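8 protein chains.
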Amino acid sequence: DGIDLDLERTARRGYPEAIYCAGKTPEQVGAIAREVGTRPDVTTLFTRAGDAHAEAVLHELPDAFHDREAGLLAWPPTPPETGGGRVVVVGAGTSDLPVAREVVHTARYLGREVELIMDAGVAGLHRILRRRDTLRAARVVVVVAGMDGALPSVVAGLVSAPVVAVPTSVGYGASFGGVAALLTMLNSCSPGVSVVNIDNGYGAGHLAAQIAAP
Amino acid sequence: DGIDLDLERTARRGYPEAIYCAGKTPEQVGAIAREVGTRPDVTTLFTRAGDAHAEAVLHELPDAFHDREAGLLAWPPTPPETGGGRVVVVGAGTSDLPVAREVVHTARYLGREVELIMDAGVAGLHRILRRRDTLRAARVVVVVAGMDGALPSVVAGLVSAPVVAVPTSVGYGASFGGVAALLTMLNSCSPGVSVVNIDNGYGAGHLAAQIAAP
Amino acid sequence: DGIDLDLERTARRGYPEAIYCAGKTPEQVGAIAREVGTRPDVTTLFTRAGDAHAEAVLHELPDAFHDREAGLLAWPPTPPETGGGRVVVVGAGTSDLPVAREVVHTARYLGREVELIMDAGVAGLHRILRRRDTLRAARVVVVVAGMDGALPSVVAGLVSAPVVAVPTSVGYGASFGGVAALLTMLNSCSPGVSVVNIDNGYGAGHLAAQIAAP
Amino acid sequence: DGIDLDLERTARRGYPEAIYCAGKTPEQVGAIAREVGTRPDVTTLFTRAGDAHAEAVLHELPDAFHDREAGLLAWPPTPPETGGGRVVVVGAGTSDLPVAREVVHTARYLGREVELIMDAGVAGLHRILRRRDTLRAARVVVVVAGMDGALPSVVAGLVSAPVVAVPTSVGYGASFGGVAALLTMLNSCSPGVSVVNIDNGYGAGHLAAQIAAP
Amino acid sequence: DGIDLDLERTARRGYPEAIYCAGKTPEQVGAIAREVGTRPDVTTLFTRAGDAHAEAVLHELPDAFHDREAGLLAWPPTPPETGGGRVVVVGAGTSDLPVAREVVHTARYLGREVELIMDAGVAGLHRILRRRDTLRAARVVVVVAGMDGALPSVVAGLVSAPVVAVPTSVGYGASFGGVAALLTMLNSCSPGVSVVNIDNGYGAGHLAAQIAAP
Amino acid sequence: DGIDLDLERTARRGYPEAIYCAGKTPEQVGAIAREVGTRPDVTTLFTRAGDAHAEAVLHELPDAFHDREAGLLAWPPTPPETGGGRVVVVGAGTSDLPVAREVVHTARYLGREVELIMDAGVAGLHRILRRRDTLRAARVVVVVAGMDGALPSVVAGLVSAPVVAVPTSVGYGASFGGVAALLTMLNSCSPGVSVVNIDNGYGAGHLAAQIAAP
Amino acid sequence: DGIDLDLERTARRGYPEAIYCAGKTPEQVGAIAREVGTRPDVTTLFTRAGDAHAEAVLHELPDAFHDREAGLLAWPPTPPETGGGRVVVVGAGTSDLPVAREVVHTARYLGREVELIMDAGVAGLHRILRRRDTLRAARVVVVVAGMDGALPSVVAGLVSAPVVAVPTSVGYGASFGGVAALLTMLNSCSPGVSVVNIDNGYGAGHLAAQIAAP
Amino acid sequence: DGIDLDLERTARRGYPEAIYCAGKTPEQVGAIAREVGTRPDVTTLFTRAGDAHAEAVLHELPDAFHDREAGLLAWPPTPPETGGGRVVVVGAGTSDLPVAREVVHTARYLGREVELIMDAGVAGLHRILRRRDTLRAARVVVVVAGMDGALPSVVAGLVSAPVVAVPTSVGYGASFGGVAALLTMLNSCSPGVSVVNIDNGYGAGHLAAQIAAP
Ligand SMILES: Nc1ncnc2c1ncn2[C@@H]1O[C@H](COP(=O)(O)O)[C@@H](O)[C@H]1O
Ligand SMILES: Nc1ncnc2c1ncn2[C@@H]1O[C@H](COP(=O)(O)O)[C@@H](O)[C@H]1O
Ligand SMILES: Nc1ncnc2c1ncn2[C@@H]1O[C@H](COP(=O)(O)O)[C@@H](O)[C@H]1O
Ligand SMILES: Nc1ncnc2c1ncn2[C@@H]1O[C@H](COP(=O)(O)O)[C@@H](O)[C@H]1O
Ligand SMILES: [Mg+2]
Ligand SMILES: [Mg+2]
Ligand SMILES: [Mg+2]
Ligand SMILES: [Mg+2]
Ligand SMILES: [Mg+2]
Ligand SMILES: [Mg+2]
Ligand SMILES: [Mg+2]
Ligand SMILES: [Mg+2]
């Protein structure tokens, strides 16, 4: 039927497979969930899952972890023991929360300890400045921001850890679905910033887990 | 010969004419300078003047003010008496200096008092934070920045005055000749920011003079 | 829960907080409204509110001002006393009315006197020319236009006040959701024009209030 | 050698061939000029000719008409007798002159009577308003403008003749080499405007000649 | 209430007002229709009318002409007597029919005789070649095409009349909603082609009527 | 009624007509299906058929072949006898399946033998490397991929047959509806890759059939 | 020194290595030429060679074939014996000749018989129509066109062979360096067209040789 | 004079200041070099230095390290002792060498051990596959690639370390100065890839040093 799960990825690369649900039918996702259920030794994530996808997964794996806003499911539901350095995730505004939570869960299910700071946009600098200690304790900082995407430049100027920037599609007009924030981040005047795709919380969480690996 | 100077603009709008040299031949600019020389009662600016343009102007108006890096000449060379509020111009990096100086001269020759703060990019926040008092004394702040264009968002969060943002073409790759900075500024998460064209120091200085008018 | 309202903004910057509803759930907006209700000393705006957002706000603050077409709510419903200069808002066509009204309400709730001129597009110049007196009485003019976005260039040529241009997404095809109007405005051949994001009536109203501040 | 001149185009379509020099070597253009010299019964234009191209043409056809700024040559040098309606060409600013002259010459060599109005940009509306009579005598109006490209919308609102709009690459930054003006013109809020390629004075002149044909 | 109909346009420009419905509420369109009903001496078009708009118009003007697919209504329903030259409209594919019909109706209600040729795309050249006689009888040809937008170049090579090209949003992927066809047409290798906005059948019909005016 | 089927295309070009349903009403498609039913000697494809289109076709041609996911119908339902070389179709991920199947059916109904390899994306190179023998038996390989679109470069490095690359709109954010994959493929560092439009399975299948023709 | 020539490519893929000179220093290209000189059994192409590159190659391989306009060198200078089907290359205008010749040479040095038709643009259809017999004798047709890029759609409608379309950067303004032609070709309304990168004569010649392989 | 060196950055962030030369005059760069010469305790990099910039630096700091092709100078010339994990840099083609070397030097001068693999593009997979052991010994891999930018996706599928992808401007036509490679990398189908700006070797080297920090 055309689906060829890469469940050996954990063995090969050390990190588990994730199922990108967006382009699949609920039937396809359900079939994958059934196969996943045979491998409780491997943690599997389902990302960008709409309600119908989630239902199909939960039908096969009723105890799966599910964060509806973040569109993410995980099975088995208990994250592995934590190891490596600490991941700090910073979100600029409330509207960035779904993506920020996708980062948090992904890094957690890949075995890292994670802390989340929200509503720290640069329009009120005091909000990020008062969290400087938390930021400086991180092995890697993930910054999630839409609109002007200015926050990663500011954060990278405050810490010595690498910064992973996640542009979000929050905004309108000339934000062009996150392109404005993406470009801001690619052109950061602070060195130490790298960028993932717009709204790609999964990719940022995965990368953060790799950077903070033991 | 097709040129129809709008020297009555001062009467009509209260602000003098400026000659945009970039698309004109030195001969055309020289002819305009000759005409300008008959009207010492009006201040005229020549903007985006290359070396050949400047030479043509200075041949007709040898005592004209000339800032070569900013590509700007003014005649008569003495700015009018200052009036209205104070204009503060902030530049993110050294490479933004030519545009920042175009802002400064334009506002000065339109009769405002101007102060310039340079090298205040967000990669080292302490540099802008220690100038908070200067910023708060302004009737309007002009912020000039290339690359990520993040500085106006930060400045607008610190002051109650309106902020005019000038994106510059400083940068490379995905800065797309200033487009990245332009989009950042249009999507500023701080209210109170408006934007002019990339590298348009003249436009920003003009607008600042209007905002700070008596 | 990740939300960190900046209600001290009035103290810090002199202008109140506004809640951008578009990326938030009605539940989040409702929770904010509840908090807002504890601070009748501060005027709070809710912008880009859909019907569900409005309902959530009105459930907490039943007497809030609501302009459904403009997607805006304000509480307390009575604007502060007016002060400073006059803001004149000009709209090119009927379809620009929702954005124009967002400008009007924002400036009013920030304490300015506001006048609105509608249907003044350049296809029939007599419509804007006959309002010259109103335009010249303004401390700042906000021009709202979609499609070709040509109106701000014409208005800026008629007045000595600064012009804030708001491109709207009105149009189709090569208007690219307002990009055509945005570019027109950024390239205005009349000095004295600055630009905010597409459909950003809130930003323009805020800026106009700052420019016309006492 | 790969070149296959379409000198029969006059017979077939009623309008002569034009040689687009930009992508050709001076040698190729010279060879074409030699062939053209055998057909004095047909008017041939050479467009977008740089200095080396012009030299190659003039070597073969020493009496050819040459406007260096417009990059255009014509042979035989005397235009045909005029017929049909009048073509009025309007240019926004001095920098648009080279393109405006390409329009003028093309229409003249295709047999039309042409009048040129320059420096009529919308920043000073009085300049175009005082030429209303000239505009209204036209069978077709060609409007040439860079930067904001707002002039065609204004002109089309004043006349009943069709308007051909020519965006020019005059401007900088977000004018994107004429794209801003092109989009403005495509989105004109005045009906009766059609558009040709950026800087395409030849195309506009040709079209105007066809529209004003007897 | 902000609406300022330009019903004097017929007097001023010789062509009637058209109401662009897309950005208006059905209530606003209904109010306009009521006003239109007081002026049976003037032909008024309603363009880009959805079902709710059409209903609102027909409620006020029950005998109005309505082409649902073209989204166009006209009142009074009888077109004026024809005069001037003939307009020929050519459509590339069946999917371009709604736009082609918008062209046809607009030119008819502006007083021209119109002929429509459909399904004449360049993939089967014989289809357009066999209509050469019809094409050559035209005073102006309007060519409507999506996808590659190649048809206007071919048609312009066959006729001496001017060609108005209308790109449509027919296509997918890299057609970018009509941008590909628009660019093709702007870069036509046949002189004598000008272009209107994507899907702008109204603009093309208006222009054709002006070109073919008596 | 404006529809002019090109059923003689088989005679003229050797390949049957295909009906592009996306821009047509179900009624138009039904009328075409009726006409198609009179020509059982010719294979006709209906592409990009939604449910309503399919219903209209099946009402006229109840035994037509229908793949709903691929949006494709064919009549008569039996493909012609196979001839020529073998076509191998490779899909990167499960989400590319609908487009990959459009390729497969098109090539089959044009008379080729086709083999499909799915889920062979470059994130797990072993998946494509183990199919090297199948790839090398192909006369032409069609590679279907979204997101990074990297697979065709890898495949073209492994085979001597020409590769037709089909970018898909699978992805989000900076995939820009398939533009990222399209650009990757146009810039392939492996020679021997050509590209069709985003999601254009029909075009790729047609071309593959032509390349592998006897 | 970082260079790792893939001279085994002939063995692996059946086609020789080509050296892309554009991004290399003349010294690097010279060093490669020296290595190439040790392998007279393999045909090697140097593409996009400027004058300095060519000089460096000819210093090592004085008898190499060199077409300066096409920026191509080949060694050994004698092409292999021809085999497989015939490749026909069609160029739209004289300015497309350099790219067309890059196609011709590449296919010749990969062992195909090639015929070139130039100046066959769609503005004068008779020029391509009179070459129908030549076109129909081809196993594959390569069409090279800039500006509107309309020629491949027309050619593909005339032949049953596959068409490889090469957009060129010939044009100006809204041709965007070949993007307009590229999009036209990707959206061809004639099936059977695939596209390579702008100005990629090498890629098209390579692909044509593969399609026409014995 | 507007320049405000951030030489305390080492103290604050743990990494030294770098001087971006591109937008500065040689005089400005020379003045900075003089100041740098007073701080031999801190390593300073000069990036994007043209010949005139390099000369100005070497005049002040004659023993500075200088890689002309990479546009980079460093002073003091001896890199600090190495510490932390190993950085492996992979370049796709010879033309990517200048950027790859900018990565190498930056990471070296920030105290890491670095290994460089060149000419490993995906057109010949064996070249990267045979370096698997080197890749797997890395704490972080930096992949530098232009054109299709496909290499990072392949590399990330082979290793468990994080991958920093650097798109280069190598290519032509639809590579759009590196945008194609940038988009490929942002859309990588392998998790664990993050991206920096086009040609930003400095940024990638800095980030790699941070990721591999002790
Ligand atoms: N939300 C996501 N964004 C980007 N890549 C993802 C996402 N979720 C999963 N992936 C990757 O895409 C691959 C899934 O593709 P598929 O095989 O079509 O499910 C997995 O191997 C993941 O590494
Ligand atoms: N640097 C500049 N950028 C944008 N607009 C300018 C600039 N300099 C002058 N202008 C405006 O453009 C007009 C000059 O156009 P021109 O008549 O062609 O010289 C003046 O009236 C100015 O208001
Ligand atoms: N400046 C121009 N812009 C656009 N098209 C032109 C121009 N000059 C000539 N042409 C057209 O392009 C064709 C010339 O192409 P060529 O045969 O390469 O000289 C002519 O047939 C003209 O109709
Ligand atoms: N899915 C498709 N994508 C691109 N072109 C298609 C597709 N289906 C059919 N076509 C072509 O478009 C033409 C159909 O246009 P129409 O006459 O409007 O049905 C046919 O002649 C096909 O060659
Ligand atoms: Mg998978
Ligand atoms: Mg002027
Ligand atoms: Mg907030
Ligand atoms: Mg020609
Ligand atoms: Mg109106
Ligand atoms: Mg058809
Ligand atoms: Mg190589
Ligand atoms: Mg600095």
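Residue numbers (full-length UniProt numbering), protein chains in the order written: chain A, 15 to 228; chain B, 15 to 228; chain C, 15 to 228; chain D, 15 to 228; chain E, 15 to 228; chain F, 15 to 228; chain G, 15 to 228; chain H, 15 to 228.
C-beta: ideal position from N, C-alpha, C; glycine also.
A quick note: this is a predicted structure, and the numbers were derived from the prediction, not measured.
Whole-angstrom C-beta distance between residue j and residue i, which should lie under 8 Å
i	j	result
residue 230 of chain E	E:Gly215	What the structure shows of chain E is the stretch from 15 to 228, and residue 230 of chain E is not part of that stretch, so it cannot be assessed.
H:Gly160	H:Ala195	5 Å
A:Val156	A:Val117	5 Å
G:Asp65	G:His119	Their Cβ separation, rounded to whole angstroms, is 18 Å, which puts G:Asp65 and G:His119 out of contact at 8 Å.
F:Ser218	F:Val193	First, the amino acid is wrong: residue 218 of chain F is Ala here, not Ser. Actually they are not in contact, since the Cβ atoms of F:Ala218 and F:Val193 sit about 17 Å apart, beyond 8 Å.
F:Glu74	F:Gly51	6 Å
Proximity winner among the options, relative to residue i (alpha-carbon distances)
i	options	result
G:Asp147	G:Leu172, G:Asp65, G:Cys35 and G:Thr92	G:Leu172
G:Gly185	D:Asp213, D:Leu149 and D:Thr52	D:Asp213
F:Thr57	F:Pro112, F:Leu221, F:Arg48 and F:Glu31	F:Glu31
F:Gly97	F:Tyr123, F:Ser109 and F:Leu87	F:Tyr123
Check whether residue i and residue j have beta carbons under 8 Å apart
i	j	result
D:Ala106	D:Val154	no
residue 230 of chain F	G:Val210	A query on residue 230 of chain F cannot be resolved here, the shown segment of chain F reaching from 15 to 228 and no further.
A:Phe128	A:Val158	Sequence inspection shows Val at residue 128 of chain A; the Phe mentioned does not correspond to that position. Taking 8 Å as the Cβ cut-off, A:Val128 and A:Val158 do not qualify as a contacting pair.
H:Pro91	H:Asp77	yes
F:Ala222	H:Asp162	no
G:Val103	E:Cys203	no
A:Ala152	A:Arg141	no
Beta-bridge pairing of residue i - partner residues as DSSP gives them
i	result
G:Val178	G:Val156 and G:Ser208
C:Leu143	Per DSSP, none; premise fails for C:Leu143.
G:Val193	Partner(s): none; G:Val193 has no beta bridge.
residue 229 of chain A	Because residue 229 of chain A is not part of the residues shown, which for chain A are 15 to 228, the question remains open.
Any chain A beta carbon closer than 8 Å to residue i
i	result
C:Gly187	no
Min CB distance residue i to chain G below 8 Å
i	result
E:Gly138	yes
Any C-beta of chain C under 8 Å from that of residue i
i	result
A:Glu198	Looking at the sequence provided, one finds Thr at residue 198 of chain A rather than Glu. Output row for A:Thr198: interface = no.
D:Asn201	yes
Short CB-CB distance (under 8 Å) between residue i and chain D
i	result
C:Ala164	yes
C-beta neighbour in chain B for residue i, strict 8 Å
i	result
D:Thr108	yes
D:Val184	yes
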